[in-house]
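**Student:** Residue numbers (my numbering): 8 to 523.
Cβ coordinates follow ideal geometry from the N, Cα and C atoms, glycine included.
It should be emphasised that the depicted structure is a prediction, and the values quoted were computed from it without experimental measurement.
The structure follows.
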C-alpha cells in the first residue's frame, strides 16, 4: 500500500496540472478570438452603414429623373424630391433592378476570386488577403458618395460599377478565412459552437442592430455621414488585422505533434511555400481548383447533404437585402425609420446568440463517464447540432411565412422577431463541418495537411453559400419586382419563396446519417 500512495498522489498532482493546463488553454483560446470578433464587427458595421444610404441615394436619383420627365413641378429647387413621392411603382421597380445588378455583380466577383485569393492567403499569409478585402468595401462607400453628391456629373446607373471591385475579395473570401480561424481555435465542440455563436452575434449586432440604427440616426443629420463613418471604420480595421492570431498553439494542433516546426501557423505561411514564379503560383491555384472540384464531384453522402443545406439556406437568406425596401414600400415607411425597426429585431438576435444559446448548450450537454469513447461523444454532439439546426430552420420557415402574410406593420413586428429566432442556424451547421461523419479528414493526415484541409472545406462551404447567394441575388429581386406589379398579398412573394428554401434545407439536413 505504501508503494501505491506516491502513485495516487502523483495522479492527483497530474490531474490538477491537467486541469490547470486546460484552463490556461481555454483562456488563451478566448483571448485569441477577440481580435477576430473586433474585425468582424468593424467590417460588418461599415458594410451595414452603407446599405440604407445606398438605397436612399439610388431611390432619390431615380425619383428625380422620373419627375423631371413626368412632373417637374414637384421637384423643389436645390433639394431632393420628398421621399413619400418616391414610393411609386416605376421608381421602386427601377430601384429593384439596380439592386439586382449590384448584388449579382458583387457576389459573382467574390465567387470567381474565392479560390485564388484563399490560395494566396495560405501562401503569403491571411493578413495580406484580409487587407486586400477592405479595398472593394472602401471603393463602394466612396463611389456611393460620389454618385449621390455629383448628381449633375454622374448618372444614377454609374453606381452599379462599384460592386465589380469584389474581384479583390468580398464576403465569401472574408468568411472563409474568419471561420477557418475560429474553427482552429479549439476541439471542444461546445466551445467551438459558442465561438461560432460569438461571430454570428457580433455580425448580427453590427450588421442588423448598430448598423441600421446608426445609419438611420446619421442619415437624419446628413445623408453622407454613414458613408464617412463606414470608411473610417474600415481604416481602423487595418491595424486590427495585424493583431489576429498567428502561430497559436490551438487544441486541435497541440495534440498532434509537439515539434514547433511541424505546426502550421494560422496566418503566416512558411517561406518554402511561397512560389518562386508566376507559373508556380498559377500551378498552385490550379491544384487548389482541382482539389476542391474533386471534393465537389465526389463528396461523401453526408457532406453532399450538408452542402445542399448550406445552399438552400443561403438562397433563402437572400431576402434579407430586400427587407428595407420591402418595409418602406409595403408599409409606406421612410427608409431612415426602417433602420430603427430592423435594429429592434437585431436586439433579439444578439440576446439569443450571446446568452440563450450558449447557456442552453451547456445545460443540455449530456454527462459522460470518464471511460466514454470520443466516438460516442462526437456522435452525441453531432445529433445535438442537427437537432438544434432543425429547430432554427423551423423558426425561419414560420417567420418568413408570417412576414409574407403580415398586412400591417404591427403584425410584421412579431413576425420579424419570430424570424429572428432562427439566427443561430450557422452555429450548428458550421460545427458539423468538424464531424468525422463527413469523412473529410483521415487519421493519417499530417499536421500541415490538416491546416490546409480545414481552410479548404470552409472555402468549399463559402463557395456553395455564395452560389446560393448569387442565385438569390437574381431570384429575390425578380420576385420583388413582380410583387410590386401584383400588389396586395403578393408583396410577400419573396418571403414565401424564402420559406420554401428554408424548408427544403431542413429536409436535406434530416437525411444525414451519423457514424455509430
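Where does residue 307 sit, in a helix, a strand or coil, going by DSSP?
**Tutor:** Note: residue 307 maps to coil in three-state DSSP.
**Student:** Identify whether residue 199 lies in helix, strand or coil by the three-state DSSP scheme.
**Tutor:** In the structure shown, residue 199 sits in a helix (DSSP, three-state: H, G or I).
**Student:** Do residue 57 and residue 188 count as a contact pair if the criterion is CB distance below 8 Å?
**Tutor:** Contact: no.
**Student:** Taking the runs of the alpha helix (DSSP H) that are 4 residues or longer, which of them lie wholly in the stretch 413-451?
**Tutor:** Runs of the alpha helix (DSSP H) inside the stretch 413-451: 416-427, 432-438.
**Student:** Leaving out five residues on either side along the sequence, give the residues of the same chain with a beta carbon under 7 Å from the beta carbon of residue 111.
**Tutor:** Around residue 111: 477, 480, 481.
**Student:** Is the number of C-beta pairs between the stretch 89-96 and the stretch 118-128 that are closer than 8 Å three or more?
**Tutor:** No contact exists between the stretch 89-96 and the stretch 118-128.
**Student:** Rounded to whole angstroms, how far is the Cβ of residue 435 from the Cβ of residue 200, which I believe are closer than 8 Å?
**Tutor:** Confirmed, about 7 Å.
**Student:** For residue 8, which residues from the same chain have a beta carbon less than 6 Å from its beta carbon, with the 5 sequence-adjacent residues on both sides left out?
**Tutor:** Because the pLDDT at residue 8 is just 44, under 50, the model does not fix this residue reliably, and the point stays unresolved.
**Student:** If you draw a straight line from the C-alpha of residue 307 to the C-alpha of residue 145, how long is it?
**Tutor:** Looking at the two C-alpha atoms, the distance is approximately 40 Å.
**Student:** Closest to residue 349 by C-alpha separation, out of 493, 425, 77, would be which residue?
**Tutor:** Nearest option by C-alpha distance: 425.
**Student:** Distance check for residue 416 and residue 495, CA to CA, integer angstroms please.
**Tutor:** Using only the alpha carbons, I get a separation of about 14 Å.
**Student:** Would you call residue 101 buried or exposed, if buried means 16 or more other Cβ atoms sit within 10 Å of its Cβ?
**Tutor:** Label assigned to residue 101: buried.
**Student:** Starting from the Cα of residue 441, find the closest Cα among 105, 203, 160, 70 and give me that residue.
**Tutor:** When each option's Cα is compared against that of residue 441, the closest is 203.
**Student:** Among 363, 61, 108, 407, whose alpha-carbon lies nearest the alpha-carbon of residue 231?
**Tutor:** Nearest C-alpha to residue 231: 61.
**Student:** Would you call the stretch 509-516 in contact with the stretch 311-324, where contact means no fewer than 3 C-beta pairs closer than 8 Å?
**Tutor:** Touching, per the Cβ criterion.
**Student:** Is there contact between the stretch 317-330 and the stretch 497-512, where contact requires at least three CB pairs shorter than 8 Å?
**Tutor:** They touch, by the three-pair rule.
**Student:** Pairs of beta-carbons, one from the stretch 173-192 and one from the stretch 328-340, closer than 8 Å: are there three or more?
**Tutor:** No, the stretch 173-192 does not touch the stretch 328-340.
**Student:** Let me make sure I understand the geometry here. Which of 355, 59, 398 has the alpha-carbon closest to that of residue 334?
**Tutor:** Here the closest residue by C-alpha is 59.
**Student:** Residues in the same chain with beta-carbon distance under 8 Å from residue 215, minus the five sequence neighbours each way, listed in chain order, please.
**Tutor:** Excluding positions up to five away in sequence, the list reads 55, 349, 350, 352, 353, 356.
**Student:** Going by CA-CA distance only, name the one from 404, 251, 498 that's closest to residue 38.
**Tutor:** Nearest option by C-alpha distance: 251.
**Student:** Below 8 Å between beta carbons: does that hold for residue 291 and residue 126?
**Tutor:** Yes; because the gap between Cβ atoms is below 8 Å, this pair is in contact.
**Student:** Work out the CA separation of residue 249 and residue 503 for me, nearest whole Å.
**Tutor:** So the alpha carbons of these two residues sit roughly 43 Å apart.
**Student:** In three-state terms, what does DSSP make of residue 119?
**Tutor:** The answer is helix: DSSP assigns residue 119 an H, G or I state.
**Student:** Express the C-alpha separation of residue 71 and residue 84 in angstroms, rounding to a whole number.
**Tutor:** Their Cα atoms are separated by approximately 12 Å.
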